[in-house]
Amino acid sequence: GQQLNQSPQSMFIQEGEDVSMNCTSSSIFNTWLWYKQDPGEGPVLLIALYKAGELTSNGRLTAQFGITRKDSFLNISASIPSDVGIYFCAATNTGNQFYFGTGTSLTVIP
Amino acid sequence: SQTIHQWPATLVQPVGSPLSLECTVEGTSNPNLYWYRQAAGRGLQLLFYSVGIGQISSEVPQNLSASRPQDRQFILSSKKLLLSDSGFYLCAWSDSSYEQYFGPGTRLTVT
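So the sequences go chain by chain: A and B. The first sequence stops at residue 110 when you use the working numbering, and every number in between is there. The second sequence stops at residue 221 when you use the working numbering, and every number in between is there.
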């Protein structure tokens, strides 16, 4: 099925640094989602975005729904060791078919 | 609140043996239900989804099948496992909120 283009594939950062990752598509979507997956566990929904241009925060996480409706961004401020994991973007137009990015693997160096 | 359960958590099965993975959702009615497989390369591959009892859509032709015998129960099966069936299997649900929630996953190793 269709995949979203997510970048970067992996990131190695120092504790305390800010992190940015993005997700793009050739198609328009009306809902964007961001997930975090810890090793051996299912992805956990972090943020849901429903409106173009929308900026939503969840603690140190901030996500934006791109104005073109073809992209979304996730920022993590002041990273800590427990931020380690794989971050996925997802998008849907119907609420019953979801498309996923290939994930960004984040490593935080203490 | 809604909860999604998957079992077993881990499974080691020989090639050619049958498979049955179960997923149940609590706290919601008539959810859309999904089975994904996640290989070591971490991408999520949609296997099946269901919008209602007895309604199954297959995304990838393979030796797996899915059934939805009850509103909040989704089962993934195989009559004969292949080595290539090894992976991390995730069940998920969604509703009219356009948000999708995942279960804890089942790690399947076919030997």
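Virtual Cβ for every residue (Gly too), placed ideally from N, Cα, C. Since this is a predicted model, take the numbers as computed values, not measurements.
Residue i burial status per 10 Å Cβ neighbour count (16 or more: buried)
i                : result
serine 207/B     : exposed
glycine 215/B    : buried
tryptophan 203/B : buried
proline 118/B    : exposed
threonine 221/B  : exposed
tyrosine 12/A    : For the sequence presented, residue 12/A should be read as phenylalanine rather than tyrosine. Exposed, by the Cβ-count rule.
aspartate 18/A   : exposed
Residue i - partner residues in DSSP beta bridges
i                   : result
aspartate 71/A      : Thr24/A
phenylalanine 100/A : Ala90/A
leucine 157/B       : Beta-bridge pairing links leucine 157/B to no other residue.
tyrosine 50/A       : None; tyrosine 50/A has no bridge partner.
isoleucine 109/A    : Gln14/A
Contact list for residue i against chain A, beta-carbon separation under 9 Å
i            : result
serine 204/B : Thr92, Gly95, Asn96 and Phe98
Within chain B, the residues that residue i reaches when beta carbons sit closer than 8 Å
i             : result
glycine 103/A : Arg152 and Gly153
Chain-ordered chain B contacts of residue i [CB-CB under 9 Å]
i               : result
leucine 33/A    : Tyr208, Glu209 and Gln210
alanine 52/A    : Those within 9 Å of alanine 52/A in chain B number zero; the least Cβ separation is about 15 Å.
alanine 48/A    : Ser207, Tyr208 and Glu209
isoleucine 86/A : Arg152
Interface partners of residue i on chain B, CB under 7 Å
i            : result
proline 8/A  : Within 7 Å Cβ-Cβ: nothing; proline 8/A doesn't reach chain B, min ~14 Å.
alanine 63/A : What alanine 63/A touches in chain B: nothing, since even the nearest Cβ is about 13 Å away.
leucine 45/A : Glu209 and Tyr211
Same chain only: Cβ atoms within 7 Å of residue i, ignoring 5 sequence neighbours per side
i               : result
asparagine 93/A : Phe29 and Asn30
aspartate 181/B : Ser139, Asn140 and Ile163
glycine 85/A    : Lys36, Gln37, Asp38 and Leu106
proline 81/A    : Glu15, Val108 and Pro110
Proximal residues to residue i (C-beta, below 6 Å), its chain only, five neighbours per side dropped
i             : result
leucine 154/B : Tyr146 and Gln148
Within chain A, the residues that residue i reaches when beta carbons sit closer than 7 Å
i                : result
proline 214/B    : Glu41 and Gly42
asparagine 142/B : Asn96
Nonlocal neighbours in the same chain, by C-beta distance under 8 Å from residue i, ignoring five residues either side
i             : result
glutamine 9/A : Thr102, Gly103, Thr104 and Ser105
Cβ pair count under 8 Å reaching 3, the region 171-191 of chain B against the region 119-137 of chain B: Yes, the region 171-191 of chain B is in contact with the region 119-137 of chain B.
Three or more C-beta pairs below 8 Å linking the region 53-62 of chain A and the region 133-147 of chain B: At 8 Å Cβ cutoff, the stretches do not touch.
The region 39-53 of chain A contacting the region 160-168 of chain B, beta-carbon criterion three pairs below 8 Å: Touching, no.
Inter-stretch contact (C-beta, 8 Å, three-pair minimum) for the region 35-43 of chain A and the region 18-27 of chain A: With fewer than three CB-CB distances shorter than 8 Å, the region 35-43 of chain A does not count as touching the region 18-27 of chain A.
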